[in-house]
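Chains as they are written, first to last, in the working numbering: chain A, 162 to 275; chain B, 54 to 170.
Positions of the beta carbon are idealized from the N, C-alpha and C atoms, including for glycine.
On a predicted model such as this, the values are computed, not experimentally measured, just so you know.
Okay, so here's the structure we're looking at.
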C-alpha cells in the first residue's frame, strides 16, 4: 500500500501563480522528506528537502511546509514559471530503514501556462 | 549536487537478448545504490537495493533471475535484464546514496529507456 499520499494528480497554474502540492503519510515514522522534480524522459532531480524538526524550509521560489502533528507536508512553488512544468514527487524515508529507502508519492504533473 | 551517470540512455533490443545498464557515481562513493522502474505517468517503483560487495536485496515481486544486479565497486552498479521480453520495456532509473544515514541523500541518474521488440 502507498504510505505517502500525494495530491493533486495534476495541476495547471498561470505564470506568476503559486503551485501547491500536498503530501500526507500514515502510521510510519519518517525522518527525512525530499521533493524531486522530473522532466519527461529524465531522472528525478532533488529539489528541496526537510527534516521533521523544522516546520518550514525555503530555497528560492520553492518552500516546504511541514506539519508533524497532522503528518502532512507540502511544496509551494512561488511565481511559477513555464520552466517549472514538470512532474513533482514527494518522498519520505522511514526512520527504521537501514538502507535509506524512500517511499514516493504518486506524483503531480504541473503545467504552467504562459 | 552529486552526479550520477547512467548509461545507455536508450536501448532497443530484440526479444530474448540481454541488456546491461550501468550506473556510476562520478564524484562520490556510494555503498548503496537503488534501481527503480517507472511506467508512463506513474511513480517510481523500487526494484532492488544494491550494496557494494554483497548480494542485492530485491523488492517483493521482482524476479532476481530476470533482473541481475552487480555492485562491484563503490562507484558502479549494473542492472542486467536477462532474456528481455516486450513486457520488460520500461524506463529504468538508478540512484546512489551519499553519506552516512543521518545526512544521506539519494541522487538519481538520467534513466534508461528500454524498448524490447
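For residue 111 of chain B, no chain A residue has a Cβ inside 9 Å of its Cβ, as the nearest lies near 12 Å away.
Within the same chain, 143 come within 7 Å of residue 92 of chain B by CB-CB distance, once the 5 residues on both sides are set aside. Membership of residue 188 of chain A in any beta strand (DSSP E) is not indicated, and neither H nor E is assigned to it by DSSP. Residue 184 of chain A has its alpha-carbon roughly 10 Å from the corresponding atom of residue 227 of chain A. DSSP places residue 206 of chain A inside the beta strand (DSSP E), whose first and last residues are 206 to 211. About 7 Å separates the beta carbons of residue 194 of chain A and residue 251 of chain A, which is inside the 8 Å limit, making them a contact pair. Nearest Cα to residue 123 of chain B within the set B:80, B:115, B:79 and B:74: B:74. Among the CB atoms of chain B, one or more fall inside 8 Å of the CB of residue 206 of chain A.
Membership of residue 165 of chain A in the beta strand (DSSP E) is indicated by the continuous run 165 to 168. In the same chain as residue 78 of chain B, and ignoring 5 residues on each side of it, the C-beta atoms closer than 6 Å to its own belong to 57, 128 and 149, in chain order. Beyond the five residues adjoining it in sequence on each side, residue 253 of chain A comes within less than 6 Å, by CB distance, of 165, 186, 191, 194 and 264 in the same chain, given in chain order. Note on residue 159 of chain B: 16 or more other CB atoms within 10 angstroms of its CB, so buried under the neighbour-count rule. Under the criterion of beta carbons closer than 8 Å, residue 59 of chain B and residue 162 of chain B qualify as touching, at roughly 3 Å.
Counted as a single uninterrupted DSSP element, the stretch harbouring residue 109 of chain B is not any beta strand (DSSP E), since DSSP gives it neither H nor E. Taken atom to atom, the span from the alpha-carbon of residue 108 of chain B to that of residue 168 of chain A is near 36 Å.
Straight across, the Cα-Cα distance linking residue 66 of chain B with residue 119 of chain B is about 15 Å.
With fewer than 16 other Cβ atoms from the protein chains shown falling within 10 Å of its own Cβ, residue 202 of chain A counts as exposed. Contacts between residue 265 of chain A and chain B, judged by CB atoms closer than 8 Å, involve 96 and 97 in chain order.
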